[in-house]
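What follows is a single structure, written as structure tokens, with notes after it.
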Amino acid sequence: MSQPADLKFLIVDDFSTMRRIVRNLLKEIGYANADEAEDGVAALAKLKGGSFDFVVSDINMPNMNGFELLAQIKADPTLKHIPVLMVTAEAKKEDIVTAAQAGASGYIVKPFTKATLEEKLQKIVQRIQTAQAA
Amino acid sequence: MQFESPNTEDLDALFESVASAQTATTKPPIATVSPIRPSEAGGANVEAFDVFQRIGSITRKLHDALHELGYDKQISNAVNSLPDARTRLDYIARLTGDAADKVLNTVDLLQQDHEQMAIVAERLKSAITSASSTTCSESGLSSEMLVFLDQHAEMGARQRAHLTEIMLAQDFHDLTGQVIRKIVVVAATLEEQLVKLLLDATPPDRRDRVETTWLNGPVVDTKGRSDVVTNQAQVDDLLESLGF
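Residue numbers (this note's numbering), protein chains in the order written: chain A, 24 to 157; chain B, 23 to 266.
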């Protein structure tokens, strides 16, 4: 993978407000390279078309929800290496368990703070770098 | 402004424990569904049957009551008022969305201004520093300006942090929007059920006036307001054809 600051993010959320907020936060944290998708279907099309390094996805979306998107990403040999951070209003324990079992890299419950997002991102990026170094 | 983040250590710990167990066993990443134990299933079936019986008898009573009342006007009123309720909820979703967008746009502009100001201030500071080391350090003015520029930088950092808070607070639109969407779905389902109930209570000689395509159920789309209106007209037509 390239340097952390060059990581290309895909933000998936059906609410444009949330996509803008996450995009702005990522920029503030130091990740300026980001694209957006409004649901799982659009996200999958973009992922297959471009070289993304990181996915930040909502769960509750029309057409294809975040769990389905996560399953599709992990089932695709060309995409399964991409870490997926779930950001969602669903705080149910079974959802968190499902996300973890399906291969999500992290789980953030809305509303969240910049510090929370930054901490999760750093943790995941570090994990990838350690795995690559090994 | 600080709001409670629901990202507690409990949830974190739960996620981490499941995720690490998952990587340790290197299972394929498929969500497992825990099977229902036979003992539970038996009890659940008996209970479900009981509920089914009760719903059946309530429906029958309601059906008979409707017949006796001559297709109570209240049902048609309820069917009519639901699309209106959905339109109102759409209105809330749209207005809050617009407000959130306006705030985000303004925050964007302020952030750009801040970036520019910071760059200019930094340039000015280095210019003063290099100038004062060579020529006019005796005036005291340059040191005063340097103090100001440092304060300016500090204040700028604080203001940028506040802007981030303002921006983050707009996530209310996403959260309230999801709740509104759930209520719209409930209203739509209720409307569909009421229309079906109305049709069930329609005498056979009037049934042929009812188009079956109306039974597809209302289109649930908070964005497509034209759909809501179309559906409203269809429900009106339906009620009219039934003589309400």
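All C-beta atoms, glycine included, are put in the ideal place defined by N, C-alpha and C.
A quick note: this is a predicted structure, and the numbers were derived from the prediction, not measured.
Interface residues of chain A facing residue i [CB-CB closer than 8 angstroms]
i         : result
Val206(B) : Per Cβ cutoff of 8 angstroms: no residues; Val206(B) is ~13 angstroms from chain A at best.
Leu168(B) : In chain order: nothing, as chain A lies at least about 27 angstroms away.
Leu132(B) : Chain A residues near Leu132(B): none, gap ~12 angstroms exceeds 8 angstroms.
Leu146(B) : Per Cβ cutoff of 8 angstroms: no residues; Leu146(B) is ~24 angstroms from chain A at best.
Leu163(B) : In chain order: nothing, as chain A lies at least about 35 angstroms away.
Leu171(B) : Chain A residues near Leu171(B): none, gap ~23 angstroms exceeds 8 angstroms.
Minimum C-alpha distance to residue i - residue among the options
i         : options                                    : result
Leu146(B) : Gln134(B), Ser164(B), Gln133(B), Asp135(B) : Ser164(B)
Arg180(B) : Leu117(B), His136(B), Leu126(B)            : His136(B)
Ala122(B) : Lys31(A), Gly63(A), Arg43(A)               : Arg43(A)
Tyr130(A) : Asn47(A), Ala65(A), Ile34(A), Val107(A)    : Val107(A)
Leu111(B) : Gln200(B), Ala43(B), Lys218(B), Val169(B)  : Gln200(B)
Lys86(A)  : Asp118(A), Asp37(A), Val148(A)             : Correcting the residue type first, residue 86(A) is Asn in the shown sequence and not Lys. The residue with the shortest Cα to Cα distance from Asn86(A) is Asp37(A).
Asp32(B)  : Val45(A), Val35(A), Lys115(A)              : Lys115(A)
Gln124(A) : Lys218(B), Ala41(B), Leu36(B), Val217(B)   : Ala41(B)
Lys124(B) : Thr40(A), Gly53(A), Gly126(A)              : Thr40(A)
Glu51(A)  : Glu176(B), Val129(B), Gln215(B)            : Val129(B)
Glu61(A)  : Ile34(A), Phe77(A), Asp118(A)              : Ile34(A)
Phe194(B) : Pro105(B), Ala140(B), Thr118(B)            : Thr118(B)
Asp34(B)  : Thr153(A), Gln152(A), Lys146(A)            : Lys146(A)
Phe170(B) : Met189(B), Leu185(B), Ile150(B), Glu187(B) : Ile150(B)
Ser103(B) : Lys204(B), Leu216(B), Glu176(B)            : Leu216(B)
Thr30(B)  : Phe135(A), Thr153(A), Ala157(A)            : Phe135(A)
Asp29(A)  : Lys69(A), Gln95(A), Phe77(A)               : Phe77(A)
Gln155(A) : His104(A), Thr111(A), Thr139(A)            : His104(A)
Leu132(B) : Arg116(B), Ile188(B), Asn99(B), Ala107(B)  : Ile188(B)
Ile82(A)  : Lys71(A), Ile151(A), Ala66(A), Leu70(A)    : Ala66(A)
Glu117(A) : Phe37(B), Leu197(B), Ile202(B)             : Phe37(B)
Ala127(A) : Glu113(A), Gln149(A), Leu93(A), Gln152(A)  : Leu93(A)
Phe32(A)  : Gln152(A), Leu144(A), Arg150(A)            : Leu144(A)
Lys137(A) : Ala43(B), Ala191(B), Lys218(B), Asp196(B)  : Ala191(B)
Gly89(A)  : Pro27(A), Ile119(A), Gln152(A)             : Ile119(A)
Tyr113(B) : Ile202(B), Lys83(B), Asp222(B)             : Ile202(B)
Ser80(A)  : Gly72(A), Lys133(A), Gly53(A), Thr153(A)   : Lys133(A)
Val142(B) : Ala115(B), Asp72(B), Gly178(B)             : Gly178(B)
Pro100(A) : Met84(A), Thr139(A), Leu70(A), Gln149(A)   : Leu70(A)
Val64(A)  : Gly73(A), Val45(A), Leu48(A), Met84(A)     : Met84(A)
Leu10(B)  : Val101(B), Asp106(B), Arg76(B), Ser39(B)   : This structure leaves residue 10(B) out entirely; chain B is present only between 23 and 266.
Ala122(A) : Gln95(A), Thr153(A), Arg46(A)              : Gln95(A)
Ala68(A)  : Arg150(A), Leu102(A), Asn47(A)             : Leu102(A)
Met167(B) : Glu144(B), Asn99(B), Asn127(B)             : Glu144(B)
Gln138(B) : Ala115(B), Ala107(B), Thr109(B), Ala175(B) : Ala175(B)
Thr198(B) : Gln173(B), Ala115(B), Leu219(B)            : Ala115(B)
Chain A residues whose Cβ lies nearer than 7 angstroms to that of residue i
i         : result
Leu40(B)  : In the sequence as displayed, the identity of residue 40(B) is Val instead of Leu. Ordered by position in chain A, the residues that pass the 7 angstroms Cβ test against Val40(B) are Val120, Ala123, Gln124.
Thr186(B) : Glu51, Lys137
Gln200(B) : Asn83, Ala112
Leu104(B) : Correct list: empty, because the minimum Cβ distance to chain A is about 21 angstroms.
Partner residues on chain B for residue i, Cβ-Cβ distance less than 7 angstroms
i         : result
Ile44(A)  : Met189, Leu190, Gln192, Asp193
Met41(A)  : Asp193, Asp196
Asn47(A)  : Met189
Phe38(A)  : His195, Asp196, Gly199
Lys116(A) : Leu36
Partner residues on chain B for residue i, Cβ-Cβ distance less than 8 angstroms
i         : result
Thr153(A) : Near Thr153(A) there are no residues of chain B at all, since even the closest Cβ is about 13 angstroms away, more than 8 angstroms.
Val79(A)  : Chain B residues near Val79(A): none, gap ~14 angstroms exceeds 8 angstroms.
Contacts that residue i makes with chain B (C-beta to C-beta distance below 9 angstroms)
i         : result
Tyr158(A) : With chain A covering only 24 through 157, there is no way to say anything about residue 158(A).
Closer than 9 angstroms at the beta carbon, the chain A residues around residue i
i         : result
Gln44(B)  : Ala123, Gln124, Ala125, Gly126
Leu270(B) : Any question about residue 270(B) goes unanswered here, given that chain B covers just 23 to 266.
Between the segment 51-59 of chain A and the segment 199-213 of chain B, do at least 3 Cβ pairs fall closer than 8 angstroms? no
Minimum length 3: unbroken beta strand (DSSP E) runs contained in the segment 45-98 of chain A: 57-60, 77-80
Got a sec: which bits of the segment 109-124 of chain B sit with their beta carbon under 8 angstroms from any beta carbon on chain A, in order along the chain? Gly119, Ala122, Asp123
Any alpha helix (DSSP H) of 4 or more consecutive residues that is wholly inside the segment 187-224 of chain B: 194-222
At which residue ranges does the segment 104-137 of chain A contain complete beta strand (DSSP E) runs of 3 or more residues, listed in the order of the chain? 107-111, 129-132
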